[in-house]
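Numbering (the UniProt record's numbering), first residue to last: 1 to 401. Cβ atoms here follow ideal geometry from the backbone N, Cα and C, with glycine treated the same way. Since this is a predicted model, take the numbers as computed values, not measurements. Here is the structure we will look at, set down as structure tokens.
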Amino acid sequence: MDTELLAERVNRALLVEPQRRNEDDMRMIMAWFKDLSRAEAQRGKMCVLGELEDNVLKELVKYSVLETQTRGKLLIRQGENGDFMYIILLGECEVRVSSSEGPACKEGDVIHGGAKEFGDALGVLVGVVGQGAVIGEVALLRKVVRTANVIVSSDSCTMIRISRSLYQRTLESSLEKLEQERESFASSFHLVSNFNPKLKQQFIRALMKQKYNNSDIIVRQGDKIEDVYFIVSGEVLLYVDTRRLAGQYELHLQAKNVYSVLPSSGAPKFDRKSAVGPRRRRPQTSSAGFGSGPRVIWSCVSRHGMLGDFEVLAQLPSRMATAVSQTEAVLFRMTLSEFRRLILREGRETAKMARLTAKTALQFRNDMRREKLGPKGLAGSEVNFVDYLIRAIDQSALPTS
């Protein structure tokens, strides 16, 4: 069934008083919620609806309230007491944080305009959330005031509203478990060990849980960098298609007056035997292929490792490797804007530690490649490129004029 028609059917069903909602409608809505969860899982994202037992999901469907709001509607105001939360079914919302205690506008107000007007009223953009996302749960989990502003950013947004009492009967245990996982990771992750409590809470709030199966592709070489991933469990192999590096970074390096550090786009210089890797994958939105050129195993990343940190620290415009899960893996994803804000700007000592960790890993990797490929005369351009990355990470730490 068409998504809009299905949403309209769900809307009609939930307009009926809870006591009069029939079993067929509730089963239909439960099936839709599960479909949403599976669709999110196909993209590696976690949806709280997929974590619930049928009896719990049924109670959530029976007593929840459906709302459709238009662009500019302020759903949640920073600093307010929270007595409800939302799960988005259709549409998108922006999450913004104000430097003051809270914006002048009230929950339910409509802010007209675009990104500039939203920013002026509500503060810095920290993320965009869509189908399957849970918003407003922090105030219910921790019994604290709202920690961010949430505003509808699409033309319309359909969501279910969940009261505190309904939340306690249905979602509380699932979300408490996720909260514990976030806190456990943050408490053991070396880069946030020196964060003050407020900054650590912001780091925790920015983590979005994702799951991958063995041989799933997480990111692809050449993709625009929009997120940084933190590995909670499992192992991930990074593969580099050496012939694609020249096309990826040629203009970027020319702009920095850097030449002759990339592999030639001509004949491959690397042993294909080392490029044998997994073939099965989930459908991806990226058009980049996997396995179209000579691949080398760049590295294996496991618990507390990151995906995307080298590129962000070296200011590269796209991902330099394809990441493939070698086991079942759990990762936390953070938007690039939040990574830059929390790790590189707010946490100055953390930024130094991140650069040092990245440089040490790159140097170790390069020493191993020199030892392996040097006697065969194959190490030149690839090793030169990694040496450039190390220099670029150092230069990114310098103040800009």
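Around the C-beta of G222, 16 or more other C-beta atoms lie within 10 Å, and the residue is accordingly described as buried.
Under the 10 Å beta carbon count, M368 is surrounded by fewer than 16 other beta carbons and is classified as exposed. The stretch 132-152 makes no contact with the stretch 11-19: fewer than 3 CB pairs, one atom from each, lie closer than 8 Å. Residue environment analysis places S37 among the buried positions, since at least 16 neighbouring C-beta atoms fall within 10 angstroms of its C-beta. Comparing alpha carbon positions, the residue from A133, L336, W32 and E235 closest to L175 is A133. In this chain, the alpha helix (DSSP H) harbouring E117 covers A115 to L122. Counting along the chain, D309 sits inside the alpha helix (DSSP H) bounded by residues D309 to L313. Shown here, S99 sits in coil according to DSSP, grouped into three states, outside any helix or strand.
If you draw a straight line from the Cα of K62 to the Cα of L75, it is about 22 Å long. The stretch 73-91 makes contact with the stretch 156-170, as at least three CB pairs between them are under 8 Å. In terms of CA proximity to K352, Q395 leads the group E226, Q395 and R27. Per DSSP, T322 lies in no alpha helix (DSSP H); the unbroken beta strand (DSSP E) holding it starts and ends at T322 to S325.
Rounded to the nearest angstrom, the gap between the Cα atoms of D83 and D227 is 31 Å. Just measuring C-alpha positions, the residue of V312, R77, L253 and L342 sitting nearest N196 is L342. Per the DSSP secondary-structure output, E94 pairs in a beta bridge with V128 and I151. Under a 10 Å Cβ-count criterion, C300 is classified as exposed, with fewer than 16 other Cβ atoms of the shown protein chains found around its own Cβ.
Under the 10 Å beta carbon count, A148 is surrounded by 16 or more other beta carbons and is classified as buried.
Cα atoms of D120 and Q78: separation of roughly 14 Å, rounded to the nearest angstrom. The beta carbons of S184 and V330 sit no closer together than 8 Å.
Within the same chain, Cβ atoms closer than 7 Å to the Cβ of E179 are found at L141, the five residues on either side in sequence being excluded. Beta-carbon to beta-carbon, E107 and V128 are separated by about 20 Å, too far to satisfy the 8 Å threshold. Excluding residues up to 5 positions away in sequence, N194 lie with their Cβ nearer than 6 Å to the Cβ of E349 in the same chain. Between E346 and V126 a beta carbon distance of about 12 Å is seen, past the 8 Å cut, so the two are scored as non-contacting.
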